[in-house]
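Engineer: In the numbering used here, the protein residues as written are 45 to 118.
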Amino acid sequence: MTKIQTFLQARKYNRKRIRGIFVYNETGRWLATTEDVDLAGLNNSDRDYFQQHRASADRGTLLGRPVKGRSGGQ
């Protein structure tokens, strides 16, 4: 996953409309992100969007309710 993290970090300067990009594993643990955070211990398995994607075979886009980011507070 170091390769993905390096790839995302190198492209974070190019974000204008997207706040961040996040990659999680099947348990919700953070694998990579464009954010400047320590990935150790970060997990999103409790989030509604994560639970919906895990429970459904639908690969479509999910527009959920707004959430407050734990990594940046936005």
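Glycine included, every Cβ here is placed at the ideal spot set by N, Cα and C. It should be emphasised that the depicted structure is a prediction, and the values quoted were computed from it without experimental measurement.
Could you give the DSSP three-state label for THR78: helix, strand or coil?
Structural biologist: Position 34 of the sequence shown, counted from the start, is the residue given in the question as residue 78. Three-state result, THR78: coil.
Engineer: Can you tell me whether DSSP reads ARG55 as helix, strand or coil?
Structural biologist: Residue numbering aside, residue 55 sits at position 11 when the sequence shown is read from its first letter. In this structure, ARG55 counts as helix in the three-state DSSP scheme.
Engineer: Secondary structure at ARG98, three-state DSSP: helix, strand or coil?
Structural biologist: Taking the first residue of the sequence shown as position 1, residue 98 is located at position 54. Looking at ARG98 - three-state DSSP - the assignment turns out to be helix.
Engineer: Which residue marks the beginning of the beta strand (DSSP E) containing VAL67, and which one marks its end?
Structural biologist: As a position in the sequence shown, residue 67 is number 23, starting the count at 1. Residues 66-68.
Engineer: Bridge partners of ARG109, per DSSP?
Structural biologist: Here residue 109 corresponds to residue number 65 of the sequence shown, with the count starting at 1. Per DSSP, none; premise fails for ARG109.
Engineer: Buried or exposed for TYR93, please, with buried defined as at least 16 other CB atoms from any protein chain shown within 10 angstroms of its CB.
Structural biologist: For the purposes of this step, residue 93 is identified with residue 49 of the sequence shown, where counting begins at 1. Exposed, by the Cβ-count rule.
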